[in-house]
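Residue numbers (the numbering used here): 38 to 230. For reference, the structure discussed in these notes is given below.
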Amino acid sequence: MKIRNLLLLGIFAAGVLGAPALADENTLLGDMSEIDHGGFGGPVVKFTQVDGAFAVLSGGKGGWIIDHRFVVGGGGYGLATRHKAKGLEVSGQDLEMGYGGLILEAIIASDQLIHFSTEVLIGAGGVTTTRGSEEDAFFVAEPGVSLMLNITKFFRMGFGASYRYTAGVNFGDLDSGDLSGGAAVLTFKFGSF
């Protein structure tokens, strides 16, 4: 009993006496209390091509903004235009496609009226038909760059370009090249920047 009480007293004393030393401790990331945090979310529209035909992808993205410079978030997009499912024998079915994943974004001079951001989405997607008779999953990586305009304190609008790289597509007569391609991107961000 005596040993247990002495042990508890020793642990308590070490914690109390060691606490001031932790306040001055140097860390790899520095003092995180001096970093501003924010977040945003909003819709995104992408004008692109799917299987060589004009296509519109709609969706959204959001994220945690760290020190006005870096974003960790996610996004997801789906095919909003109608396309025939090439190479599938079932008639009258349209192609459906969607993808999403982790987004990492770097923001340059966010306090300026007009500024730039670069991002990359890394994730997965799927392609199917309207009746779901066939389906396939694929890997997607999509780097992009945007010119951002600070409309208000809580609203940003972006005009950008991206390239959607897909791998692992084997769907009817479609392959990865048919679902890959460049896009013009319109972004609306609402939040605390």
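Just so it is clear, CB atoms sit at the ideal spot from N, CA and C, and this is done for glycine as well.
*Classify residue 89 as helix, strand or coil using the three-state DSSP reduction.*
Three-state DSSP puts residue 89 in coil, outside helix and strand.
*Return the CA-CA distance between residue 186 and residue 170, expressed in angstroms with no decimal places.*
Computed Cα separation, rounded: 44 Å.
*Can you tell me the Cα-Cα spacing of residue 195 and residue 111, whole angstroms?*
Going by C-alpha positions, residue 195 is about 17 Å away from residue 111.
*Return the chain-ordered list of same chain residues with a C-beta closer than 6 Å to the C-beta of residue 104, the five sequence neighbours on each side being excluded.*
Cβ-Cβ distances below 6 Å link residue 104 to 72 and 73 in the same chain, with the five nearest sequence neighbours on each side left out; the list follows chain order.
*Going by C-alpha distance, which of 213, 216, 87 and 159 is nearest residue 98?*
Out of 213, 216, 87 and 159, 159 has the C-alpha closest to the C-alpha of residue 98.
*Count the other CB atoms, across all protein chains shown, that sit within 10 Å of the CB of residue 200; report buried if there are 16 or more and exposed otherwise.*
Per the 10 Å Cβ criterion, exposed.
*Which value, in whole angstroms, describes the spacing of the CA atoms of residue 189 and residue 94?*
Each residue's CA atom was taken as its position, placing residue 189 and residue 94 some 26 Å apart.
*Starting from residue 216 and walking both ways along the alpha helix (DSSP H), at which residues does that stretch end?*
It spans 213-216 - the alpha helix (DSSP H) in which residue 216 sits, taken as one unbroken run.
*Contact check, residue 226 vs residue 96 under 8 Å by CB: the rounded distance?*
Taking C-beta atoms under 8 Å as the contact rule, residue 226 and residue 96 fail to qualify, at a distance of about 14 Å.
_Whole-angstrom distance between residue 157 and residue 134, CA atom to CA atom_ = The C-alpha of residue 134 lies about 19 Å from the C-alpha of residue 157.
*Per DSSP, residue 229 is paired with what?*
DSSP lists 76 as partners of residue 229.
*Let me know the secondary structure DSSP gives residue 71 once reduced to three states.*
Note: residue 71 maps to helix in three-state DSSP.
*Cutoff 7 Å; reference residue 228; Cβ partners in own chain excluding five residues on either side*: Only 75, 76, 77, 78 and 191 meet the Cβ criterion.
*Using a Cβ-Cβ cut-off of 6 Å (strictly less than) and excluding sequence neighbours within five positions of residue 219, which residues of its own chain qualify?*
So the qualifying residues of the chain are 200.
*Short check: CB of residue 230 to CB of residue 173, under 8 Å?*
Contact: no.
*Would residue 89 be called buried (16 or more neighbouring beta carbons within 10 Å of its own) or exposed?*
Result: exposed.
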